[in-house]
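According to my numbering, the residues represented by the sequence shown are 10 to 663, in order.
The block underneath contains the structure these notes are about, expressed in structure tokens.
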Amino acid sequence: MNTERFYISTPIYYPSDRLHIGHAYTTVVADSLARWHKFAGRKVLFVTGSDEHGQKIERIAKAKGVQPQEYVDAIVSTFKQLWKRLNVEYDDFVRTTEPRHHKAVQTVFQKIYEKGDIYKSTYKGWYCTPCETFWVETKLQDGNCPDCGRPVELVEEESYFFKISKYADRLLKHIEENPDFIRPESRRNEMVSFVKSGLEDLCVSRTTFDWGIPVPIDERHVIYVWFDALTNYLTAAGYPDDHARLAEWWPADVHLVGKEIMRFHTIIWPIILMALDLPLPKTVFGHGWLLFDNDKMSKSKGNVVDPNLLIDEFGVDPIRYFLMREVSFGQDGNFSRRALIERTNADLANDLGNLLNRSLAMLNKYFNGVVPEPKDATDLDREFVQSVGGLGAELDSLLKDLHLNEALAKIWQLIGRANKYIDQRAPWALAKDEASQGELATVMYNLVETLRIVALLVTPFLPETGAKIWAQLGISESLTEQTLADTEFGRLKPATVTKKGDPIFPRIELKVDEPEGEEAQPAAEAKKTAVSQAPAAPAAEAQSEDGLITIDDFFKCELVVAEVLEAEPVKGADRLLKLQIDVGDGRRQIVAGIAKHYKPEELVGRRIIVVKNLKPAKLRGELSQGMLLAASTPDGKLELVSVSANMPAGSRVK
Ligand code: ME8
């Protein structure tokens, strides 16, 4: 019995809104790795959760007129439903509002305070509420948050400070001596320069709102939400009271996080642990972002892709597969419906689905669906068998080292190899020749045995697919009891009665108006689209009773300067003009009802203001990707809002 342990975590997500496909990405990757390690016989702790405190959540709940607890309870239940639908099997879900976590956070704070590393002073500086981050003036960019670009607020309040600067040298030494601590390497370099540029002591309490865990020595303060949230990784490991659990699980093996929160995980978190004299996690892996239209998907931009709608439309495994295969682990990747459909058709329907279908159809035809005993083998058969056996161990070492894409690529290489083997050995030709019956038996055995191994290898990534293949193979042992050792070639029992079923991945028809290329645009005409350009959040939609919106609401609207490159009338529509515009990061078309006020030639070269993140629509059959701004009087006079030629296209209007 393998006694190795593997503790992997995702970030605990803010219940500021429903989750989108970006959150699903981290969680599906962590789930697959956790499932793989379980399959490899390790004892696994896979933790996710929800980060429920802080000013952002308190404000949202207030705007909705409900208590924060009531608000988070409802949203967190949608997190759990989503994980269930995506077949994410976590071992623990930490809610920061749980008593066990409350205790862990207060203990951490108290211990560091007693050590003399926390002191009281006054904080005066900037705060980004969406990111829940403190900023010194010099780090701001154009007066805004350098991380999310949104406005920051000036705060001045009595606070407790954590002497993180004291630990900078020790942290740098740890990073240097443990190359696996921060991965991938590019992020390590970024973090090292950040630490070297000088660390300010961290403000770890707030007094201007209540929604948080009270500072144990001073109940007027609540503990800073990141200090609170990071501690969840210890809560799940039994801190502070369950010593046996802590000894078993701490330190964590992998904290999987998005690149934007690496600073918290590779600077603040290890320093908290150093101050507690606890070992540091072995690896913090900062993956890239899933982009939509080459822009970061974010709730506030309203360009989020709802995984629930995608599951309704495509099923779970195409989404899990797309996320893990299409996005290069560690780098940014683009989400596009078209790419999702193409991946599903090529890799799942064609390569994997066909291998199963063809093999079992031939087995039905030549052996009544019953697995034969392998008999005569040629060099090619032996070479094929060799390429199948041993893959399990190879994948295990790739996955232990977090080489996710390579591992999946290896499985699909095997699938490709098996399809080629069918063509090379042409069972239909062997079947015609009485003397080749022994070879035919070998070929068919090898194919079904390869399918059995493929089912085992894909199950951690695509649990439903693995189960569907397993069911068609008719193997009596339970799939869930199989382990890595069972991927050895030759364990399939002859005489197994297979049960060929329907294709496991029917091809998905690519609609004619499915957006082309890598850039995802929502299919404007599609009856049902999984890409929601409207923020789904009850909170985000919240508008106060006096009709006022918050600055966050305003920033959902991405207003930019655009240069008009071409303009022409729309056939059959005397009010419409079709404009080709440059919005800074590319060209796009918009259709505007201004033909009665402007001649096309008057517009070319003008710099206008457009709403860039408006849901595309078709007007008289013409795609319009944005809307221009114009002022109009009640008697119908209209004038475009424009700026001088000095403003480059793409400049943000705010
Ligand atoms: O930051 N692409 O929570 P959060 C890839 N509560 N991953 C994405 C993504 C995208 N477009 N958008 C989100 C928080 N993610 C804190 C974490 S942990 C102690 C506290 C994923 O709800 C990615 O993992 O803003 C990212 O780091 C995380 O969701 C941010 O989730």
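Note that beta-carbon positions come from the ideal geometry of N, C-alpha and C, so glycine has one too.
As the structure is a prediction and not an experimental result, all values here were calculated from the model.
query: In chain order, what residues of the same chain lie with their CB nearer than 7 Å to the CB of LEU449, ignoring the 5 residues before and after it?; result: TYR375, PRO436, LEU439, ALA440
query: Could you check what DSSP says for PRO193 in three-state terms: helix, strand or coil?; result: coil
query: I'd like the span of the alpha helix (DSSP H) that includes ASP82, first residue to last.; result: 77–94
query: Can you tell me which of the three DSSP states LYS663 falls into?; result: coil
query: Taking the runs of the alpha helix (DSSP H) that are 4 residues or longer, which of them lie wholly in the stretch 577–633?; result: 609–612
query: Determine whether the beta carbon atoms of SER174 and VAL213 lie at a separation below 9 Å.; result: no
query: Under the three-state reduction of DSSP, which class applies to ARG352: helix, strand or coil?; result: helix
query: Considering only the alpha carbon of each residue, which of VAL117, THR492, GLY63, LYS624 lies closest to ALA284?; result: VAL117
query: State the Cα-Cα distance for the pair ASN366 and ASN303, rounded to the nearest angstrom.; result: 37 Å
query: Determine the direct distance from the alpha carbon of TRP479 to that of LEU488, and round the result to whole angstroms.; result: 7 Å
query: Tell me the DSSP secondary structure of VAL7 in three-state form.; result: The structure shown does not extend to residue 7, since the chain is modelled only from 10 through 663, so no value can be given for it.
query: Helix, strand or coil: which one does DSSP assign to PHE15?; result: strand
query: Quick one: residues in its chain with C-beta nearer than 8 Å to the C-beta of SER6, no 5 flanking neighbours on either side, listed in chain order?; result: Any answer about residue 6 is impossible in this case: the structure gives the chain only from 10 up to 663.
query: With distances taken from CA atoms, which of HIS183, TYR233, PRO515 is nearest GLY63?; result: TYR233
query: Residues in its own chain within less than 8 Å of LYS268 by CB, not counting five upstream and five downstream?; result: ARG196, GLY295, HIS296, GLY297, TRP298
query: Is there contact between the stretch 587–595 and the stretch 565–579, where contact requires at least three CB pairs shorter than 8 Å?; result: yes
query: Could you tell me whether the Cβ atoms of THR87 and ARG27 are closer together than 9 Å?; result: yes
query: How many angstroms separate the CA atom of THR292 from the CA atom of LYS409?; result: 11 Å
query: Taking a contact to mean a Cβ-Cβ separation below 9 Å, would you say LEU265 touches SER18 in this structure?; result: yes
query: Determine the closest residue to VAL600 out of MET636, GLN433, ASN655, VAL620, with distance taken between C-alpha atoms.; result: MET636
query: Residues in its own chain within less than 7 Å of LEU471 by CB, not counting five upstream and five downstream?; result: ASP326, ARG329, TYR330
query: As a quick exercise: from VAL37, GLN76, THR12, PHE236, pick the residue whose alpha carbon is nearest that of GLN119.; result: PHE236
query: Considering only their Cβ atoms, is the gap separating TRP258 from TYR16 smaller than 9 Å?; result: yes
query: In angstroms, rounded to a whole number, what distance separates the CA positions of LEU501 and ASP495?; result: 9 Å
query: Tell me where the alpha helix (DSSP H) around ASP405 begins and ends.; result: 400–409
query: Between LYS65 and GLU141, which are expected to be in contact by the criterion C-beta below 8 Å, what is the C-beta distance as a whole number of angstroms?; result: 6 Å
query: At which residue ranges does the stretch 95–147 contain complete beta strand (DSSP E) runs of 3 or more residues, listed in the order of the chain?; result: 101–104, 127–137, 142–144
query: If you measure between the beta carbons of PHE514 and LYS663, is that distance less than 9 Å?; result: no
query: For the stretch 224–232 and the stretch 151–160, state whether three or more C-beta atom pairs, one from each stretch, are separated by less than 8 Å.; result: no
query: Just verifying my parser: in three-state terms, what is the DSSP assignment at SER445?; result: helix
query: Write down every uninterrupted run of the beta strand (DSSP E) in the stretch 35–75 whose length is 3 residues or greater and which is fully enclosed by it, in chain order.; result: 52–59
query: Can you tell me whether DSSP reads GLN422 as helix, strand or coil?; result: helix
query: Return the bridge partner residues of VAL263 from the DSSP annotation.; result: ILE17, THR292
query: Any contact between the stretch 241–253 and the stretch 43–63? By contact I mean 3 or more CB pairs, one from each, below 8 Å.; result: yes
query: My output table needs one value for GLU567: the three-state DSSP class, helix, strand or coil.; result: coil
query: For the alpha helix (DSSP H) containing ASN363, name the first residue and the last one.; result: 363–376
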